[in-house]
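*Asks:* Right, I'll just put the structure down here and ask away after.
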Amino acid sequence: MRYDVVIIGAGMSGLAAGVRLAHFGKRVLIVEQHALWGGLNSFYKKGGHHFDVGLHAVTNWLAPGYRGSRIPMQRILRQLRISWEELGLEPQTRSSVWFDDARMVFTNDLAVLTQEVQRCFPDQVDGFVRLSERCAEYPEANHDTPPVSTRRVLTEYLSDSLLVDMLLCPLMFYGNAEEEDMDFEQFVILFNSIYREGFCRPRRGVRQVLDVLTDKYTELGGELRRRTPVERLVVKDGRVTEVVLGRGENVEADVVLSSAGLVETMAMRSDVDDDRFEPLAGKLAFTENIWLLDEDPKALGFEDCVTFFNRGPGFAWRSPEAPVDLSSGVICVPGNYAHAEPLDRHMVRATHLANHRVWFEWDEARYREEKGAYIQRSLATVAERGGDLSGHVTYTDGFTPRTVTQFTRHRNGAVYGSPHKVKSGCTEVENLYLCGTDQGFVGIVGAMLSGIAMANQHGLRG
Amino acid sequence: MSENEVRKLILDIIHDIAPDEDLSDVKSDVRLRDQLDLDSMDFLDIVMELRKRHQIEVPEEDYMELSTLDGCVAYLSPKFA
Ligand SMILES: Cc1cc2nc3c(=O)[nH]c(=O)nc-3n(C[C@H](O)[C@H](O)[C@H](O)COP(=O)(O)OP(=O)(O)OC[C@H]3O[C@@H](n4cnc5c(N)ncnc54)[C@H](O)[C@@H]3O)c2cc1C
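Chains as they are written, first to last, in this note's numbering: chain R, 2 to 463; chain Y, 96 to 176.
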């Protein structure tokens, strides 16, 4: 079988690329190794309950009737021919960054955060305003710029290291694959996505976004095969000549677009067997815990949609030595979004940084035991940033870096992939391109933008 | 194809790309970009839709011809003939 484009992975980036290519008449096949689509933001059913893998917040809120310079969510809607109504996004009420010595609230109006900076760090507010202006005027992602240290750039604007850490914390958690620091271009993208445009959520969760994408894709004639891993990419004379699927079938394609990740994709190539790409694997992994409750979290003291917290001195953004780093994390209360109707159940979710090795090394029994213990500790930590939930929990689920790798094959369970991003999407193999996580755009919105951009540049040109 | 039909097919394309734009009062002699919220990527999509729907190729050096509705009609009508 021959296709114009074979896409590896039915995550947000692969699906968005698929829609775009199929819309313009390309013969497209998406192959997904898992039984379900969605990738890092998929969905599952457990104990009779439906869960989203992720989805604390869709970034880049677009208000209905928005007028102004082009912003990412508009770009997605237009490029994929999706109407604003179809996504059914509803805005956040408020979120906060909560460190021991300060707590700043932010909303989808940057003026609120500016006031909070003024309140908590009066001598820093001028710098903050200049910084946010720089982010607003920053030119659209230039594909060839070498990485620039955000921490260094920020010294031109802010002198208080607590404020720097507080501003960085949400941006790190929502999209930084690099330990300690981040590329300034990535900072600008995340600053605008999170602080300027803000958070929203589809009422039905990630299924709502995924349904729009998969329905469109199939209507346009795109083909999606699930439970079908790509085992090998046969490379001859610098081109992929055959895509070997797990079921012993081979397909051919003019272009192969992979969302599996840089290291993961390079490992599929038949023409290299060295491990020079291995050191590029990401190290930032997470645990995610989900509690269903018999009481509204708001009544228990949780007012934010999303709380980014840190305890103790300094904010550490690195793979922790302990299995889980409970000193920081993200707490999400989906029911606190400004949904037109209340959700049909009460839920709190919490994310922490996790060690990227140890979870893979334990045997099953030890793994279960540690996971259970850390879910309990996480619950105790969460209580400090809201209220005690323990008497109200009706169902608990949690996952670790090992779960992420099991279902998505991302190395080390590294949700944001390799710190080495390939912004052009190009590889050493002429017709093999990357999209999604390791092309450089992460998160639900970032992944879709990446799929669109790579489809345009490598699938539709010429 | 009549001038009005060409006009309509362009507006149909713009409507599909930017359904939130009000197209009821688009002036023929004013640049589309000056009256509608369209950027270069949207323009590229107009060209791609012309190819997809009507098999009309617009080379890059001719993009300028499509900047107003009048321009579109003048440039595209002969191609439909
Ligand atoms: C717990 C959690 C919470 C999150 N919360 C949010 C949030 O609130 N907001 C937000 O914006 N983002 C969130 N994210 C991040 C977001 O989900 C990802 O950045 C985004 O979904 C990445 O999409 P992608 O297409 O780049 O990659 P992926 O989703 O990883 O897609 C890659 C796909 O390729 C498949 N694949 C891999 N190898 C093969 C192979 N050999 N053959 C076939 N298929 C293969 C995988 O199974 C996967 O489906 C969260 C992620 C997690 C894990």
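Heads up, the beta-carbon is just placed ideally off N, CA and C, and yes, glycines get one too.
Name the chain Y residues whose beta carbon is nearer than 8 Å to that of G26 of chain R?
*Replies:* What G26 of chain R touches in chain Y: K147.
*Asks:* Following the continuous beta strand (DSSP E) through K237 of chain R, name the residue where it begins and the one where it ends.
*Replies:* Taken as a continuous stretch (DSSP letters only), the beta strand (DSSP E) holding K237 of chain R covers V231 to K237.
*Asks:* Does the distance from the CB of Y368 of chain R to the CB of V325 of chain R come in under 8 Å?
*Replies:* Not in contact: Y368 of chain R and V325 of chain R (Cβ atoms no closer than 8 Å).
*Asks:* The stretch 150-173 of chain Y: which residues have C-beta closer than 9 Å to a C-beta of chain R, in chain order?
*Replies:* Those residues of the stretch 150-173 of chain Y that come within reach of chain R (Cβ to Cβ, closer than 9 Å) do not exist; the list is empty.
*Asks:* Would you say D124 of chain Y faces chain R, with C-beta separation under 8 Å as the test?
*Replies:* For D124 of chain Y, the answer is no, since every Cβ of chain R falls outside 8 Å of its Cβ.
*Asks:* Locate the beta strand (DSSP E) running through K47 of chain R, then write down its first and last residues.
*Replies:* Counting along the chain, the beta strand (DSSP E) containing K47 of chain R begins and ends at F44 to K47.
*Asks:* Tell me which residues of the stretch 73-97 of chain R have at least one Cβ-Cβ distance to chain Y shorter than 8 Å, keeping chain order.
*Replies:* Answer in chain order: R76, R79, Q80, R82, S84 and W85.
*Asks:* Run the CB neighbour count on T146 of chain R, radius 10 Å, all protein chains shown included, and call it buried at 16 or more, exposed below.
*Replies:* Burial call: exposed.
*Asks:* Output, in chain order, the set of chain Y residues within a Cβ distance shorter than 7 Å of R71 of chain R.
*Replies:* Within chain Y, the residues near R71 of chain R are D134.
*Asks:* Check for me: the alpha helix (DSSP H) holding N99 of chain Y runs from which residue to which?
*Replies:* Counting along the chain, the alpha helix (DSSP H) containing N99 of chain Y begins and ends at E98 to I112.
*Asks:* R270 of chain R bridges to which residues according to DSSP?
*Replies:* According to DSSP, which records beta bridges pairwise, R270 of chain R is partnered with R:L234.
*Asks:* Given that M143 of chain Y touches chain R, what residues does it touch there, using C-beta distances under 8 Å?
*Replies:* Here the neighbours are F25 and L461.
*Asks:* State yes or no: is the C-beta of G176 of chain R within less than 8 Å of the C-beta of R412 of chain R?
*Replies:* Not closer than 8 Å, so no.
*Asks:* Just checking G73 of chain R against ligand 1 - is the residue's beta carbon closer than 7 Å to any of the ligand's heavy atoms?
*Replies:* Correcting the residue identity first, residue 73 of chain R is Pro in this sequence and not Gly. Not so, every heavy atom of ligand 1 lies at least 7 Å from the Cβ.
*Asks:* Would you mind sorting G49 of chain R into buried or exposed? The rule is 16 or more other CB atoms within 10 Å of its CB.
*Replies:* Counting Cβ neighbours within 10 Å, G49 of chain R comes out exposed, since fewer than 16 surround it.
*Asks:* Using three-state DSSP, classify L164 of chain R as helix, strand or coil.
*Replies:* Correct three-state label for L164 of chain R: helix.
*Asks:* If I'm right that V172 of chain Y touches V125 of chain Y with Cβ under 8 Å, what's the distance once you round it to whole angstroms?
*Replies:* Note that residue 172 of chain Y is Ser in the sequence shown, not Val. Not quite, the Cβ-Cβ distance comes to about 19 Å (not below 8 Å), so this is no contact.
*Asks:* For D272 of chain R, which of R:P203, R:V241 and R:G441 has the nearest alpha-carbon?
*Replies:* For D272 of chain R, the nearest C-alpha among the options comes from R:V241.
*Asks:* Given a cut-off of 8 Å, decide if G10 of chain R and G437 of chain R are closer than it, judged by their beta-carbon atoms.
*Replies:* Contact: yes.
*Asks:* Taking M167 of chain R and F100 of chain R to be in contact with their CB atoms under 8 Å, please state how far apart those CB atoms are, rounded to whole angstroms.
*Replies:* Confirmed, Cβ separation roughly 6 Å.
*Asks:* Which residues in chain R have a C-beta closer than 8 Å to the C-beta of I112 of chain Y? List them in chain order.
*Replies:* Those are R79 and R82, listed as they occur along chain R.
*Asks:* Could you check which residue in R:A323, R:S260 and R:V423 has the C-alpha nearest to that of Y15 of chain R?
*Replies:* Just to set this straight, residue 15 of chain R is Gly in the shown sequence, not Tyr. When only C-alpha atoms are compared, the closest one is R:S260.
*Asks:* Please tell me whether D115 of chain Y has its Cβ less than 8 Å away from any Cβ of chain R.
*Replies:* Yes, because at least one Cβ of chain R sits closer than 8 Å to the Cβ of D115 of chain Y.
*Asks:* Return the CA-CA distance between V20 of chain R and D216 of chain R, expressed in angstroms with no decimal places.
*Replies:* Approximately 9 Å between the Cα atoms of the pair.
*Asks:* Mind checking whether the beta-carbon of R233 of chain R lies closer than 7 Å to any heavy atom of ligand 1?
*Replies:* Checking every heavy atom of ligand 1 against the Cβ of R233 of chain R, none is found closer than 7 Å.
*Asks:* Along the beta strand (DSSP E) that carries L433 of chain R, what are the first and last residues, could you check?
*Replies:* That run of the beta strand (DSSP E) goes L433 to L435.
*Asks:* Under the criterion of a Cβ to heavy atom distance below 7 Å, does A261 of chain R qualify as lining ligand 1?
*Replies:* Under cutoff, so the answer is yes.
*Asks:* Y338 of chain R by DSSP, collapsed to three states: which one?
*Replies:* Here Y338 of chain R sits in coil by DSSP.
*Asks:* Applying the 10 Å Cβ sphere with the 16-neighbour rule, what's the burial state of H353 of chain R?
*Replies:* Result: buried.
*Asks:* List the whole-angstrom C-beta distance separating V446 of chain R from I77 of chain R, where the pair is believed to meet the contact cut-off of C-beta under 8 Å.
*Replies:* Sure, about 7 Å apart at Cβ, within 8 Å.
*Asks:* Say the cut is 7 Å; is the CB of N42 of chain R nearer than that to a heavy atom of ligand 1?
*Replies:* It does: the Cβ of N42 of chain R is within 7 Å (strictly closer) of some heavy atom of ligand 1.
*Asks:* Output needed for R403 of chain R: all residues of its chain with C-beta closer than 8 Å, excluding positions within five of it in sequence on either side, in chain order.
*Replies:* Cβ within range, chain order: W360, F361, Y368 and G414.
*Asks:* Let me check you understand the geometry: is the CB of P92 of chain R closer than 7 Å to at least one non-hydrogen atom of ligand 1?
*Replies:* For ligand 1, not one heavy atom lies less than 7 Å from the Cβ of P92 of chain R.
*Asks:* In this structure, how does DSSP classify T288 of chain R when only helix, strand and coil are distinguished?
*Replies:* Strand, per DSSP.
*Asks:* If you measure from the CB of I291 of chain R, is any heavy atom of ligand 1 nearer than 7 Å?
*Replies:* No, since every heavy atom of ligand 1 falls outside the 7 Å radius drawn around the Cβ of I291 of chain R.
*Asks:* For the alpha helix (DSSP H) containing I151 of chain Y, name the first residue and the last one.
*Replies:* From DSSP, I151 of chain Y is part of no alpha helix (DSSP H); its letter is neither H nor E.
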